[in-house]
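Peer 1: Take a look at this one; I'll ask things after.
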Amino acid sequence: MNTNIIEIADLVKRYEMGHEEVFALRNVSLTLGKNEYVAIMGPSGSGKSTLMNMLGCLDTPTSGTYFFNGANVSEMDDDDLAAIRNKEIGFVFQTFNLLPRATALQNVELPLVYAGLKSEERRKRAIEAITRVGLADRMDHRPNELSGGQRQRVAIARALVTAPSIILADEPTGNLDSKTGQDIMRLFGDLWRGGNTVILVTHEEDVARHAHRIIRLRDGLIESDEINPNATSV
Amino acid sequence: MPRLSEVQESFRIAVTSLRVNLMRSILTTAGVVVGVVLVVLMGWTIGGLDAVWEKTISIIGKDMIYIDKWNWAGGGNWRMMEARKDITLEQAEALSMRMESAEETIPITRKWGGSVSVGNTSLRCSIMGTTTAYGSTSAGTTEEGRFFNEVEEREAEKVVVVGYNIKKNLFPDESPIGKYLKIAGVPYRIVGVVEKRGFLFMDFIDNQVFIPLYAFRSSFGFFDRSFSVGLKAGSERMLDIVRDEAVGHMRSIRNVPPADPDDFSINEMKAFDQQAKNIRLGIWVVGMGLTILAFIVGSIGIMNIMYVSVTERTKEIGIRKAIGARRSSILSQFLIESAMLCVAGALIAFPIAQVIVGSAQYLAVHVFEQDWASVVSPLVPFDLLGIAVGVSILVGLLAGLFPAIKASGLDPVEALRSE
Ligand SMILES: Nc1ncnc2c1ncn2[C@@H]1O[C@H](COP(=O)(O)OP(=O)(O)OP(=O)(O)O)[C@@H](O)[C@H]1O
Ligand SMILES: [Mg+2]
């Protein structure tokens with residue numbers, strides 16, 4: 001019985017810059033189970049975002065294997081990857097990445113558009129998700145009419161509207177003040193308690209201490225991978 | 001294949017982007033607008049020409065066959081026709097005796113380059129000598145008075161039926177019936193005015209007067225004149241039968257040996273169709289050339305603006321891909337947007353074309369008083385709207401293809417990194 005969502009082995013990501021080779025990931029192996037809450041830490045340039053993009057099927061490795069829910073991602077074509085991103089993965093970015101011309105609700109509906117859902121069904125689920133992040137009263141606002149914290153809530157609602165297997169967040173509090181950051185972290189805690197698998201990248205120990213497992217990267221390698229006995233989100 | 005929800009989303013995006021970049025969109029569609037205006041104008045012109053032509057030949061008589069020494073449409077060998085023996089009145093009368101399928105067999109003789117005068121004004125026109133039966137053809141239908149009758153014909157009375165232009169020029173404000181005009185110095189009493197029949201390039205047809213055959217003889221003589229014979233078939237269906245019968249009789253009347261070709265020509269209104277076709281073709285070729293040019297220029301503009309749009313929206317494309325848009329989703333998004341740009345162009349073009357067409361027709365009829373223009377529609381033909389929109393969609397899809405392929409192939413990670 002295998003409950004691992006993610007199994008990666010010997011993952012390498014190499015960039016060629018002219019004659020030079022840059023290794024964003026040198027050799028990373030990792031397994032992640034259901035309903036884990038993981039923080040990925042490490043200095044700037046250590047490969048955190050690269051790893052997240054791999055886990056999120058946005059990027060493909062130079063070598064190594066990646067199994068997602070038992071399926072071999074390395075062998076998938078563009079459309080399969082898009083389908084996984086759409087159904088199984090919820091992305092939250094540091095810079096929110098909302099569509100500026102769409103309302104909060106339309107932004108949240110968008111993954112369901114690409115899932116092919118009918119309009120009423122989309123609306124119903126998007127309203128549910130946006131209510132869960134506490135923004136029911138801001139549904140019709142555009143991103144530029146919302147505060148940073150509110151924008152990130154919309155982004156989180158968009159990430160969870162498809163009920164994905166994992167939620168990936170790359171420095172979700174990086175652009176927020178600490179008070180707003182704590183609100184957002186509380187939201188991730190709620191999601192985890194609700195049964196979600198959460199992986200987040202952060203620079204801040206304060207943020208990382210919410211997680212139950214902390215993985216530290218350095219120069220494209222896993223430096224340490226430890227259980228956090230003092231996890232604050234319980 | 002993109003899903004229905006994605007197509008709906010694409011339309012929403014396209015409409016938003018058209019609205020946000022309104023001025024840019026309108027300028028971009030200029031080439032398409034010009035192209036569509038040209039298509040519409042061309043279609044309208046050809047349609048108008050057809051209407052004028054149809055009107056002309058139907059008034060002169062689609063059911064008429066004229067046997068003549070000459071081929072009217074100018075086909076055939078001129079010298080060979082010149083060498084033919086004249087068709088005499090006796091031959092025309094012999095044909096008249098034998099014909100069974102034609103409703104009327106009408107001998108006709110003409111003096112081209114004649115003139116008529118009233119007081120000191122004289123007018124150049126052709127003078128036709130014929131029989132009462134000519135009055136029963138559509139070419140001889142009177143709008144005022146009547147055609148001359150059998151008694152007047154038999155007695156060679158000096159009566160005349162005038163063409164529309166003769167009446168218009170010599171008796172502009174009064175009825176000419178009962179008045180006199182002089183032909184070759186002899187006064188003729190006007191008994192009727194023939195309906196307007198000539199349109200556009202057939203205008204000369206209204207510069208005619210009709211007098212009884214024997215009155216013609218006393219004024220101009222029959223010497224050295226070749227007659228025509230008009231055969232009224234009664235309907236277009238009868239044309240073949242009447243033609244075959246007439247050819248048979250004429251060959252025997254003129255003793256044409258069985259192996260020889262006819263020594264006379266059969267003229268029908270259909271013969272002029274070829275000329276009308278050539279004019280149509282000319283307009284079509286010129287119009288199509290200009291249209292294609294405009295569409296090419298237009299599609300280059302659209303392609304350019306779509307590339308700009310892809311670049312501007314790289315980040316957006318990255319976001320969409322990150323949350324599950326497939327290649328085909330992005331492809332269709334940009335294709336729909338560029339097709340919509342073109343359709344918008346077509347929709348802008350239509351009212352412009354309508355204004356041009358409407359004012360052209362109004363000016364022709366009311367300011368320049370061109371009678372022929374009244375049979376031309378002042379409205380742009382609506383089936384052209386469908387064609388124009390269809391062509392625009394096609395142009396939009398073609399112009400948007402490469403930018404859309406570029407957008408759909410973007411790497412999501414790189415696209416997300418762009419600002
Ligand atoms: N497209 C690329 N081309 C070349 N090198 C790249 C590219 N993307 C990333 N890298 C390199 O890979 C390494 C890891 O980058 P990555 O973005 O994963 O770091 P990070 O840990 O997320 O850093 P930060 O904390 O600053 O976000 C860096 O040295 C970076 O320069
Ligand atoms: Mg990073």
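Quick note, the sequences are listed as chains G and Y, same order. The numbering of the first sequence is my numbering, which starts it at 1 and goes up by one. The numbering of the second sequence is my numbering, which starts it at 1 and goes up by one. All C-beta atoms, glycine included, are put in the ideal place defined by N, C-alpha and C. Small disclaimer: the values here were computed from a predicted structure and weren't measured.
Kindly say whether threonine 29 of chain Y, judged by its beta-carbon, lies nearer than 7 Å to any beta-carbon of chain G.
Peer 2: Chain G, which has no Cβ nearer than 7 Å to the Cβ of threonine 29 of chain Y, makes this no.
Peer 1: For phenylalanine 68 of chain G, write down the residues that DSSP places opposite it in a beta bridge.
Peer 2: In the DSSP output, where bridge partners are listed per residue, phenylalanine 68 of chain G has G:Ile6, G:Ala71.
Peer 1: Return the CA-CA distance between leucine 18 of chain Y and isoleucine 215 of chain G, expressed in angstroms with no decimal places.
Peer 2: Rounded to whole angstroms, leucine 18 of chain Y to isoleucine 215 of chain G spans 47 Å at the Cα level.
Peer 1: Taking 6 Å as the line, does the beta carbon of serine 147 of chain G fall inside it for any heavy atom of ligand 2?
Peer 2: No, the beta carbon of serine 147 of chain G sits no closer than 6 Å to any heavy atom of ligand 2.
Peer 1: List the whole-angstrom C-beta distance separating glycine 56 of chain G from phenylalanine 91 of chain G, where the pair is believed to meet the contact cut-off of C-beta under 8 Å.
Peer 2: About 6 Å separates the two Cβ atoms, so the contact holds.
Peer 1: Taking the alpha-carbon positions, what's the lysine 158 of chain Y to glutamate 144 of chain Y distance?
Peer 2: Cα to Cα, lysine 158 of chain Y sits roughly 18 Å from glutamate 144 of chain Y.
Peer 1: Which value, in whole angstroms, describes the spacing of the CA atoms of isoleucine 65 of chain Y and glutamate 268 of chain Y?
Peer 2: Straight-line Cα distance between these residues: approximately 5 Å.
Peer 1: What residue range does the beta strand (DSSP E) around glycine 386 of chain Y cover?
Peer 2: Here glycine 386 of chain Y belongs to no beta strand (DSSP E); instead the alpha helix (DSSP H) covers 383 to 408.
Peer 1: Show which residues of chain Y have a CB atom less than 8 Å away from the CB atom of phenylalanine 91 of chain G.
Peer 2: Ala322, Ile323, listed in chain order.
Peer 1: On the three-pair Cβ rule with 8 Å, is the segment 87 to 101 of chain Y touching the segment 305 to 316 of chain Y?
Peer 2: Too few Cβ pairs lie closer than 8 Å, so no.
Peer 1: Chain Y partners of glycine 116 of chain G, CB-CB under 8 Å?
Peer 2: Simply Arg3, Leu4, Ser5, Glu6.
Peer 1: Go ahead and label valine 376 of chain Y buried or exposed: buried means 16 or more other beta carbons lie within 10 angstroms of its beta carbon, across all protein chains shown.
Peer 2: Valine 376 of chain Y comes out buried.
Peer 1: Tell me, to the nearest whole angstrom, how far the beta carbon of glutamate 153 of chain Y is from that of threonine 131 of chain Y; I am working on the premise that it is less than 8 Å.
Peer 2: Sure, about 6 Å apart at Cβ, within 8 Å.
Peer 1: Can you list the beta strand (DSSP E) stretches of 3 or more residues lying completely in the segment 242 to 285 of chain Y, in chain order?
Peer 2: With a minimum length of 3 residues, the continuous beta strand (DSSP E) runs that stay inside the segment 242 to 285 of chain Y are 265 to 268.
Peer 1: For chain G, check one thing: does any of its Cβ atoms lie closer than 7 Å to the Cβ of valine 413 of chain Y?
Peer 2: Yes, valine 413 of chain Y lies at the interface with chain G (some Cβ there is under 7 Å from its Cβ).
Peer 1: Taking a contact to mean a Cβ-Cβ separation below 7 Å, would you say glutamate 90 of chain Y touches alanine 133 of chain Y in this structure?
Peer 2: Not a contact, by the Cβ cut-off of 7 Å.
Peer 1: Please classify leucine 112 of chain G as buried or exposed, where buried requires at least 16 other C-beta atoms within 10 Å of its C-beta.
Peer 2: Looking at its Cβ environment, which holds 16 or more other Cβ atoms inside 10 Å, leucine 112 of chain G is buried.
Peer 1: First and last residue of the beta strand (DSSP E) that includes methionine 340 of chain Y?
Peer 2: Careful: methionine 340 of chain Y lies outside any beta strand (DSSP E), inside the alpha helix (DSSP H) at 327 to 362.
Peer 1: Between isoleucine 199 of chain G and isoleucine 166 of chain G, what straight-line distance do the alpha-carbon atoms span, to the nearest angstrom?
Peer 2: In a straight line, the C-alpha of isoleucine 199 of chain G is about 7 Å away from that of isoleucine 166 of chain G.
Peer 1: Can you check whether the CB of leucine 98 of chain G is closer than 7 Å to the CB of proline 143 of chain G?
Peer 2: Yes, the pair counts as a contact, with Cβ atoms nearer than the cut-off.
Peer 1: Determine the DSSP secondary structure at valine 186 of chain Y, reduced to helix, strand or coil.
Peer 2: Looking at valine 186 of chain Y - three-state DSSP - the assignment turns out to be strand.
Peer 1: Who sits around ligand 1, taking every residue whose Cβ is closer than 5 Å to one of its heavy atoms?
Peer 2: Going along the chain, the residues that qualify are G:Tyr15, G:Val22, G:Ala24, G:Ser44, G:Gly45, G:Ser46, G:Gly47, G:Lys48, G:Ser49, G:Thr50.
Peer 1: Between glutamate 128 of chain G and isoleucine 330 of chain Y, what straight-line distance do the alpha-carbon atoms span, to the nearest angstrom?
Peer 2: Using only the alpha carbons, I get a separation of about 27 Å.
Peer 1: For leucine 363 of chain Y, which residues in the same chain have their Cβ closer than 7 Å to its Cβ, ignoring the five residues on either side in sequence?
Peer 2: Nothing meets the Cβ criterion.
Peer 1: Give me the Cα-Cα distance between alanine 9 of chain G and methionine 139 of chain G, rounded to the nearest whole angstrom.
Peer 2: Rounded to whole angstroms, alanine 9 of chain G to methionine 139 of chain G spans 42 Å at the Cα level.
Peer 1: So for arginine 79 of chain Y, helix, strand or coil by DSSP?
Peer 2: DSSP places arginine 79 of chain Y in helix when its eight states are reduced to three.
Peer 1: So, using beta-carbon positions, are glutamate 7 of chain G and threonine 197 of chain G closer together than 7 Å?
Peer 2: Not closer than 7 Å, so no.
Peer 1: Mind pulling the chain Y residues with CB within less than 9 Å of aspartate 79 of chain G?
Peer 2: Those are Arg326, Arg327, Ser328, listed as they occur along chain Y.
Peer 1: Could you spell out where the beta strand (DSSP E) holding aspartate 206 of chain G opens and where it closes?
Peer 2: Note, aspartate 206 of chain G: premise wrong, no beta strand (DSSP E); alpha helix (DSSP H) at 205 to 208.
Peer 1: Got a sec, what are the start and stop residues for the alpha helix (DSSP H) serine 25 of chain Y sits in?
Peer 2: From DSSP, the alpha helix (DSSP H) with serine 25 of chain Y extends over 22 to 28.
Peer 1: Could you tell me the alpha carbon to alpha carbon distance between isoleucine 13 of chain Y and proline 164 of chain G, rounded to whole angstroms?
Peer 2: Near 26 Å, if we compare the C-alpha coordinates of proline 164 of chain G and isoleucine 13 of chain Y.
Peer 1: Can you round the beta-carbon distance between threonine 3 of chain G and glycine 45 of chain G to whole angstroms, since I take them to be within the 8 Å contact cut?
Peer 2: With a Cβ gap of about 33 Å, threonine 3 of chain G and glycine 45 of chain G do not count as contacting.
Peer 1: Can you check the segment 99 to 176 of chain G for any alpha helix (DSSP H) of at least 4 residues that lies completely inside it and give the ranges in chain order?
Peer 2: Fully enclosed alpha helix (DSSP H) runs of 4 or longer: 104 to 115, 119 to 132, 148 to 160.
Peer 1: Closest to asparagine 149 of chain Y by C-alpha separation, out of Y:Glu174, Y:Ile190, Y:Asn165, would be which residue?
Peer 2: Out of Y:Glu174, Y:Ile190, Y:Asn165, Y:Ile190 has the C-alpha closest to the C-alpha of asparagine 149 of chain Y.
Peer 1: Can we say the segment 31 to 38 of chain Y touches the segment 338 to 355 of chain Y, given the rule of at least three CB pairs closer than 8 Å?
Peer 2: These segments touch.
Peer 1: Give me the subset of the segment 156 to 168 of chain G whose CB atoms are less than 9 Å from a CB atom of chain Y, sorted by chain position.
Peer 2: Cβ contacts with chain Y: Arg158, Ala159, Thr162.
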